[in-house]
Amino acid sequence: DSNELVPVINYMNENKNEDSDRLEGVAEGKNVIALSLESTQTFVVDNTLHGEELTPYFNDLKEEGIYFDNFYHQVKQGRTSDSEFLLANSMYPLNRGAVFFTHSGNDYEAFPSLLKENGYFTNVMHANDKTFWNRNVMYDSLGYDEFYSKEDYEITEEKSHGWGYLDEHFFADSLNKMKDMEKPFYSKMITLTNHYPFSLPEDKKLIEEGETSSGTLNRYFQTIRYQDEALKQFVEEFKQSELYDDTILVIYGDHFGISENHQEAMGEYLGKEINDYEQFQLQRVPMLIYGKGIKAEKNHTVGGQIDLRPTLTNLLGIEDSNPVQFGQDLLAENRRQLMVTRDGDFANENYVGIQGVCYDRETGEEVPSEDCAPGFEAAEEELNVSDSVIYGDLLRYLKETEMVTPEENTKDS
Ligand code: GP9
């Protein structure tokens, strides 16, 4: 019954940040484009191959926005769909299977619904089959007005390769759709070309492949380079369009592209041994907030995809009354820095905790495991509380559950 939600709300109240209101409302009323970059990891940013930058355009673009370099993906088996879940709900995906499939019938108070209530036209743009990851069903539960899928793009064989529609064409068509959209809008775009097995037509290869012992990694460099070129074409055209004045762009990586099966090759490329700590740090994905009126800033806070929603609602100046969110505004001063992975590992300001072993976050040196005990404990509790919400479909009680303030909470117990 509705009492089941009470401990969840108590937990939220105990762990809530003091809202710093930093940059609150700077993007009020603006359109939002959330651009999810397929399999894009932070290690490619400002990095080179054969002396050439892998992401020359993004490297420059990130200097003009708010760039987060300690931002992690938090997905598990649901991969891209898990990252979508994290953004929409600020809750953790599940440890097994994809929550998009297993719990699409739950009640959610998701970000698209919230934006809709605030007058936004909310949509997803992704040139794949609409049933992939059960998106067509789950998107209704999350409150999207529209899903522009494969059938809404002018896909031809020449414009496709591998997984389908090449990013450059996906970007071009999508921008055209946005120009004609009701304003304000929230468009979530999901790219596709930089997907395993990272294959490209010959004439789209802008860099020689890598020379490591992994063909997968060697080709990944090429699809990453291609994606960056497609991004350039998109953002440059966006800047020339009328959208530029009233739109913020949020660009982030959805999950890793290079799995731990390629550790040796990654080590060859990065010139160091990839131990557990390095493997963990490789789970960082780029995250950039860019747009007119957004002042450039390099932000080193430790966070993850769970923090996207509170960060965006703050920027948009939107009141978000859903108390069941695990993320914290990335821009807030003195925020609780805690990034929990679905495996129960974590990173905080000082430490990275991996399977019971504790590392200094900055140096990667192993430190006494006691140092990580509070972190592991917090991680476990986060995941348990989040899971209880999903397994119990507890958000259906949100409206009838009285908001319990910390004071009342102490009185009751
Ligand atoms: C499929 C695309 C890729 O539509 O989102 O999915 P992934 O395999 O990365 O989860």
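Going by UniProt numbering, the sequence shown opens with residue 221, and the numbers climb by one from there. Where is the CB? At the ideal position from N, CA and C, for every residue including glycine.
Proximity to Thr467 across Val252, Glu234 and Ser541 peaks at Val252, based on C-alpha coordinates. With a cutoff of 9 Å on beta-carbon distance, Phe476 and Val505 are scored as near each other. Among the bridge pairs identified by DSSP, Ile471 is matched with Leu255 and Leu508. Between the region 289-309 and the region 329-339 there are three or more C-beta pairs closer than 8 Å, enough to call the two in contact. Spanning the alpha carbons of Thr413 and Lys452 requires a straight line of approximately 15 Å.
Looking from the CA of Ala516, the closest CA among Gly537, Val295, Glu283 and Glu238 belongs to Glu283.
Residue burial annotation: Ala593 is exposed, with fewer than 16 other C-beta atoms found within 10 angstroms of its C-beta. In this structure, Val470 sits away from Gly524, with a CB-CB distance that is not shorter than 9 Å. Annotation: Pro543 to Met345 spans about 28 Å, alpha carbon to alpha carbon. The shortest C-alpha to C-alpha distance from Phe278 to any of Thr533, Tyr287 and Gly271 is the one to Tyr287. In the DSSP annotation of this structure, Ala567 is not part of any alpha helix (DSSP H); the continuous beta strand (DSSP E) holding it starts and ends at Phe566 to Asn568. Note that the C-beta distance between Tyr472 and Ser256 is below 9 Å.
Ranked by how close their Cα comes to the Cα of Lys403, the residues Phe367, Tyr416, Glu429 and Leu463 have Leu463 in first place. Taking Glu422 as reference, the option from Gln442, Arg616, Glu388 and Leu532 with the minimal CA-CA separation is Gln442. One thing to note: Ala392 has its Cβ within 9 Å of the Cβ of Phe454. Put simply, the backbone Cα of Ala247 is about 35 Å away from that of Asp563. Rounded to the nearest angstrom, the gap between the Cα atoms of Lys518 and Glu585 is 25 Å. Counting the other Cβ atoms within 10 Å of the Cβ of Asn315 gives fewer than 16, which makes it exposed.
If you look at Asp607, you'll find it in the alpha helix (DSSP H) that goes Ala593 to Tyr611. Between Ile514 and the set Gly339, Thr275, Arg445 and Leu281, the nearest pair of CA atoms involves Leu281. At least 9 Å separates the beta-carbon of Lys425 from that of Tyr440. Take Ile427, set aside five residues on each side of it, and the residues of its chain with a beta-carbon closer than 8 Å to its own are Leu269, His270, Glu272, Leu274, Phe441, Gln442 and Arg445, in chain order.
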